[in-house]
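Novice:
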Amino acid sequence: MQQAISPIRTTCPYCGVGCGVLATPLPDGGLAIKGDPDHPANKGRLCVKGAALGETLGLKGRLLDPMIHGKRSGWDQALDLVASRFRETIAAHGPDSVAFYVSGQLLTEDYYVANKLMKGFIGSANIDTNSRLCMASSVAGHKRAFGTDTVPGLYEDLECADTVVLVGSNLAWCHPILYQRLAAAKEERGTRIVVVDPRRTATCDIADLHLTLDAGTDAALFNILLAEIERRGLIDDDVARGLDGMEQALGAARETKAAATGLPQPDLTRFLDIWTESERVVTVYSQGINQSDSGTDKVNAILNCHLATGRIGRPGMGPFSVTGQPNAMGGREVGGLANMLACHLDIENADHRDAVRRFWNAPRMAEKPGLKAVDMFRAVEDGRIKALWIMGTNPAVSMPEAERVARAIKGCDFTVVSDIVADTDTTRLADVLLPATGWAEKDGTVTNSERRISRQRRALPAPGRARDDWRIMADVAGRMGWRDAFAWETPAQIFAEHAALSGIAGTLGSDFDISGYRDASGQDYDLMSPFLWPQSPARRGGRFFGDGRFHTPSGRARMVAVAPAILRPVDLAAPFTLNTGRVRDHWHTMTRTGRAARLSRHIAEPFLEIHPRDAARLQLSPASLAQVENAQGRCILRVLVTDRVAPGHPFAPIHWSGESSSAGRVSALVSELADPISGQPASKSAKVNIRAFRAVHYGFAVSRSAISQVGDYWAFARLPKGWQAELAWAGTPRDWAAEAAALFGLDCEPVVMRDSHHGTIRLAFIQDGVLQAALFVSPEPVALSRSHIAEALGSSETADILAGRPGGDRQDEGAVVCACLGIGANRISRFIATEQAATLDRIGDALGAGTNCGSCRPELRRMLAEAVAAETL
Ligand SMILES: Nc1nc2c(c(=O)[nH]1)N[C@H]1C(S)=C(S)[C@@H](COP(=O)(O)OP(=O)(O)OC[C@H]3O[C@@H](n4cnc5c(=O)[nH]c(N)nc54)[C@H](O)[C@@H]3O)O[C@H]1N2
Ligand SMILES: Nc1nc2c(c(=O)[nH]1)N[C@H]1C(S)=C(S)[C@@H](COP(=O)(O)OP(=O)(O)OC[C@H]3O[C@@H](n4cnc5c(=O)[nH]c(N)nc54)[C@H](O)[C@@H]3O)O[C@H]1N2
Ligand code: SF4
Ligand SMILES: [Mo]
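Residue 499 in the UniProt record's numbering is what sits at position 499 of the sequence shown, and the numbering runs on without skipping anything.
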């Protein structure tokens with residue numbers, strides 16, 4: 001009998017919730033994935049992205065060998081080249097002529113090595129990270145208020161709070177398991193939930209109150225709240241004695257006008273009542289706050305309210321910055337931002353620098369902060385940075401002014417990119433490409449939003465010649481002459497070194513101290529259970545600041561006077577403010593989630609949510625295409641007309657790149673405008689112009705093999721049995737059969753069906769009675785059942801395919817809502833319409849929808865609510 005393989009305990013590599021995963025190796029080389037019932041973050045649950053992890057593995061599309069100028073090379077050759085080019089550049093132009101741009105998705109051990117190499121050995125602080133685009137405003141806000149970058153609370157605070165306010169956070173889609181925990185708490189104990197977001201998101205379905213404030217006015221909202229806190233006498237004298245800057249903060253708050261948020265007075269009053277009346281209140285915030293040109297002030301406006309009321313660091317109370325990436329927190333702990341040192345120490349503090357220098361035995365410590373992301377790419381552009389190493393991030397897609405950043409990278413004298421995927425918009429620009437091991441292929445740790453450190457464990461062998469990121473960097477450091485300082489053999493040794501340094505940091509007043517792990521052996525590391533920091537002889541886990549003591553020299557926290565943002569006058573050349581963000585089932589630039597057909601079922605194309613009034617004015621009909629543009633760039637996006645967004649404030653998702661779409665890279669439209677304190681770009685408010693993209697023909701295609709880039713608009717997505725493409729042409733191709741053949745790379749004759757009355761053309765490629773590929777062309781957006789056509793692919797039931805809808809008694813699923821079980825909106829609507837008293841549970845019992853990962857439950861709730869609303873009209 002074959003011995004059963006036991007599951008390997010690891011952690012999800014996507015969002016900052018940091019769910020525990022059980023990964024069991026399968027005979028075919030894949031992994032079976034389940035939630036870890038013993039992990040405190042998720043207790044066995046996974047959202048659809050986590051559940052689909054097994055479907056994103058496999059060698060297809062992976063970067064398997066080092067490449068030099070597009071040619072495969074050996075490791076020695078590649079590492080020698082990287083080391084010599086960095087060494088020569090530093091020798092000729094000084095340490096600040098080189099830079100690393102790294103990622104909150106690296107493991108702590110990788111990150112520690114990158115930071116040590118740049119700040120202690122190269123002698124520059126030019127290491128910055130995509131967390132600059134993500135968490136920098138929270139870091140800066142925390143430091144201003146608390147003296148250190150400390151997240152005070154824990155996830156369980158969301159469960160024991162009476163009120164939870166979600167500000168600029170689409171928790172239902174971006175932190176799904178935390179959202180599920182919150183939804184369960186609401187069911188159990190009636191937690192009141194307020195959502196503050198100019199857009200109506202899936203998160204609003206559990207909200208008692210949704211504040212659709214004018215975009216960018218959050219600081220005004222929290223100033224108004226602070227003034228109300230004072231007016232109601234909620235500032236305790238004892239608490240006030242532990243705070244600096246209160247008078248100034250209150251002064252600014254009192255001056256803020258009630259009208260500044262654009263909210264109707266009853267909504268504003270209700271919010272003030274709810275917040276002030278519940279002592280146990282948690283204010284969760286995310287990118288709607290951070291990604292702003294006054295993000296740090298907005299963070300402090302929130303912190304001010306919790307500080308003034310003493311509602312911080314106690315059960316069910318506190319501000320809570322939920323982190324996006326799986327290791328955004330770990331990156332901050334190792335000091336991976338250009339303006340930090342290590343272990344939450346300060347690069348501008350000579351004592352701190354000296355302590356780290358001695359610990360590392362560093363030959364050349366960085367003396368001053370380095371360049372933050374936007375400035376770093378500016379320095380790449382103008383030649384101040386001559387050698388750049390990018391790891392674990394895709395800046396040619398995700399940076400503001402993405403096109404310009406791509407040009408800058410391309411023009412850099414020497415660019416190294418470490419990635420797991422061969423073709424991305426960024427790998428395409430590299431001189432040297434280094435293949436890294438990815439999730440499940442490497443060992444290390446990550447820290448989630450509540451400061452819990454968990455192990456990621458290896459469950460699969462390294463593919464091809466891929467190597468761990470930490471090892472690649474240590475090998476380069478060795479070749480640059482620092483072999484002894486980078487001589488680790490295992491990530492466990494790196495972790496122990498990091499823990500030892502944190503002990504020194506602890507003696508210097510740092511909150512981050514895990515020196516309890518300084519002597520952890522390889523075996524301890526292997527067996528390590530998830531734990532909260534701090535972990536030192538003096539402190540263990542738990543919350544911060546409940547005792548009213550902070551990490552400033554005085555021990556007092558600082559309230560910051562916040563002037564509400566000034567709303568800029570409308571720019572006639574760019575009258576729309578484009579909001580950008582995430583969708584439920586995709587992760588960032590889709591290099592991983594784009595590989596799983598299940599994850600493209602929910603949304604398979606870049607889109608623009610636009611208010612009906614704007615759409616009417618611009619003559620944009622539903623499902624047509626819009627051209628969105630400004631001086632920095634241009635996108636073409638599918639029009640989704642909806643009153644979920646406010647007039648003038650359309651929304652587009654960030655996930656599409658030059659790999660998956662012709663013009664879906666929305667960060668090309670974002671300007672480099674950034675918060676002056678944190679350097680975090682204002683990615684939620686790009687000024688754009690919009691007009692209709694005049695397509696003469698629209699198309700929809702499916703194919704068993706990859707589809708080529710044809711036409712003037714295309715967006716690709718994976719299907720279980722191949723690929724699909726949404727297409728459009730601004731003119732008429734000379735020969736549709738030839739166009740289709742080029743699209744699919746097929747040289748057989750298609751079956752063609754023309755309907756000259758409607759102007760539609762349908763072409764199917766059938767080989768040996770099996771459907772290989774099909775193209776549907778129409779002068780209007782193609783209105784056909786995508787799911788039905790996708791199903792016909794590879795089957796011999798080709799009879800109905802050119803009809804474009806299910807034959808016989810089969811019914812069309814419509815847009816997929818439950819991605820796990822493939823259940824579409826039509827089936828769910830039919831069930832709701834025919835059932836007397838449909839509920840979430842009955843939908844689950846009858847159809848299965850929402851019973852696996854639960855990610856679609858917000859949408860199911862909305863469908864139920866809309867059905868009830870329709871009946872009562
Ligand atoms: N499915 C999925 N989940 C993810 C990710 C992913 O790619 N896909 N990425 C992860 C990462 S790295 C991050 S950083 C997080 C981000 O998680 P979130 O911050 O929750 O997600 P976003 O969609 O970027 O933006 C949140 C909301 O901010 C709102 N917003 C825009 N402007 C304003 C404003 O002026 N005020 C307020 N109050 N709100 C505003 C937007 O309408 C949007 O709904 O998600 C993480 N989780
Ligand atoms: N307009 C707009 N722009 C935004 C945002 C927004 O809301 N609006 N959000 C910003 C935020 S919050 C974030 S976090 C960023 C995210 O943006 P990015 O970090 O650029 O996006 P990812 O797709 O996560 O890029 C990760 C890359 O690392 C690779 N990779 C995966 N695992 C490994 C590994 O183990 N080692 C190595 N070396 N590589 C690996 C992946 O294949 C991929 O190419 O986008 C930012 N940009
Ligand atoms: S909520 Fe989903 S994406 Fe986030 S860590 Fe958990 S399983 Fe992964
Ligand atoms: Mo992020």
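Quick reminder that beta carbons are idealized off the backbone N, C-alpha and C, glycines included.
1. Could you name the residues that DSSP lists as bridge partners for M67?
2. On the criterion of 16 or more Cβ atoms from any shown chain inside 10 Å, does V334 qualify as buried, or is it exposed?
3. Can you tell me whether DSSP reads M1 as helix, strand or coil?
4. In angstroms, rounded to a whole number, what distance separates the CA positions of P264 and G844?
5. For T545, collect the residues of the same chain with a Cβ closer than 6 Å to its Cβ; drop the 5 residues on either side in sequence, then sort them by chain order.
6. I think L53 touches I33, with their Cβ atoms under 8 Å apart; what is that distance to the nearest whole Å?
7. Skipping 5 residues on each side, what residues in its chain have a beta carbon closer than 7 Å to that of S294?
8. Report the option in D267, D197 and A308 whose CA atom is closest to the CA atom of R241.
9. Got a sec? Which residues, its chain only, sit under 6 Å from G541 by beta carbon, not counting five neighbours each side?
10. Whether or not the region 288–307 and the region 336–355 are in contact is what I'm after, with contact meaning three or more pairs of Cβ atoms, one per stretch, closer than 8 Å; do they touch?
11. Are there 16 or more other CB atoms within 10 angstroms of the CB of T507, so buried, or fewer, so exposed?
12. Beta strand (DSSP E) containing D419: first to last residue?
13. Give me the Cβ distance between D162 and R270, rounded to the nearest whole Å; I'm assuming they're in contact under 8 Å.
14. Would the region 132–147 count as touching the region 173–193 if we require 3 or more Cβ pairs under 8 Å?
15. Taking the continuous alpha helix (DSSP H) assigned at H306, which residues delimit it?
16. What is the DSSP secondary structure of I274, reduced to helix, strand or coil?
17. At a threshold of 7 Å, does F651 count as lining ligand 1 (C-beta to nearest heavy atom)?
18. Under the three-state reduction of DSSP, which class applies to P266: helix, strand or coil?
19. Taking the alpha-carbon of M391 as reference, which of S795, R598, I472 and G29 has the nearest alpha-carbon?
20. Is N42 near ligand 3, going by C-beta to nearest heavy atom under 7 Å?
21. In whole angstroms, what separates the C-alpha of G679 from that of A373?
22. With a CB to CB cut of under 8 Å and the five nearest residues on each side skipped, what residues in its chain are close to S278?
23. Taking its Cβ as the centre, do 16 or more other Cβ atoms sit within 10 Å of A328, making it buried, or is it exposed?
24. Report the three-state DSSP secondary structure of S855 (helix, strand or coil).
25. Can you list, in chain order, every residue whose CB sits closer than 5 Å to a heavy atom of ligand 3?
26. Using the beta-carbon count (16 or more within 10 Å), is P858 buried or exposed?
27. Ends of the alpha helix (DSSP H) at D614?
28. Closest to D382 by C-alpha separation, out of S685, A136, T851 and R407, would be which residue?
29. Residue range of the alpha helix (DSSP H) that V239 falls in?
30. Could you round the C-beta distance between S703 and G722 to whole angstroms and report it? I think they count as a contact, below 8 Å.
31. What separation, rounded to the nearest whole angstrom, lies between the Cα atoms of F607 and G711?
32. Do T129 and ligand 1 come close, with the Cβ less than 7 Å from some heavy atom?
33. DSSP three-state label for M863, please.
34. Name the DSSP beta bridge partners of N579, please?
35. Which stretch, first to last residue, makes up the beta strand (DSSP E) that contains P319?
36. Per DSSP, what kind of secondary structure is A869 in: helix, strand or coil?
Specialist: For this structure:
1. In the DSSP output, where bridge partners are listed per residue, M67 has R72 and L433.
2. It counts as buried.
3. With a pLDDT of 46 at M1, under the threshold of 50, the predicted position of this residue should be treated as unreliable, though the coordinate-derived value follows. Three-state result, M1: coil.
4. For P264 and G844, the gap between their C-alpha atoms comes out near 38 Å.
5. Looking at the sequence itself, residue 545 is Phe, so the reference to Thr does not match. So the list reads P152, I312 and G313, once near-sequence residues are dropped.
6. Their Cβ separation, rounded to whole angstroms, is 5 Å, which keeps L53 and I33 in contact under 8 Å.
7. Same-chain partners within the cutoff: A219, A565 and D675.
8. When the alpha-carbon of R241 is set against those of D267, D197 and A308, the nearest one is in A308.
9. So the list reads L532, once near-sequence residues are dropped.
10. Result no; under three Cβ-Cβ pairs closer than 8 Å.
11. Exposed.
12. Where D419 is concerned, the enclosing beta strand (DSSP E) starts and stops at F414 to D419.
13. Taking 8 Å as the upper bound for CB-CB distance, D162 and R270 are not in contact here, some 15 Å apart.
14. Taking 8 Å as the limit for Cβ pairs, the verdict is that the region 173–193 does not touch the region 132–147.
15. That run of the alpha helix (DSSP H) goes G295 to T309.
16. Under the three-state reduction of DSSP output, I274 falls in the helix class.
17. Checking the Cβ of F651 against ligand 1 gives yes.
18. DSSP places P266 in helix when its eight states are reduced to three.
19. M391 has its Cα closest to that of I472, out of S795, R598, I472 and G29.
20. Yes, ligand 3 has a heavy atom inside 7 Å of this Cβ.
21. Roughly 8 Å between the two C-alpha positions.
22. Around S278: A161, D162, T163 and R192.
23. A328 sits buried, since 16 or more C-beta atoms from the chains shown fall within 10 Å of its C-beta.
24. Shown here, S855 sits in coil according to DSSP, grouped into three states, outside any helix or strand.
25. With 5 Å as the limit between CB and the heavy atoms of ligand 3, the residues that fall short of it are C12, Y14, C15, V17, C19, L46, C47, K49, G50, P176 and I177.
26. Of the residues assessed, P858 falls on the buried side of the cut-off, its CB having 16 or more other CB atoms within 10 angstroms.
27. Element bounds for D614: P612 to L618.
28. The closest CA to that of D382, considering only S685, A136, T851 and R407, is found on R407.
29. Note, V239: alpha helix (DSSP H), D237 to R241.
30. At roughly 5 Å, the Cβ-Cβ gap stays under 8 Å, so S703 and G722 are in contact.
31. Spanning the two alpha carbons is a distance of roughly 18 Å.
32. Flag unset: Cβ of T129 not near ligand 1.
33. Per DSSP, reduced to three states, the secondary structure at M863 is helical.
34. Answer by DSSP bridge pairing, in chain order: F651.
35. P319: member of the beta strand (DSSP E) spanning G318 to S321, first to last residue.
36. Helix, per DSSP.
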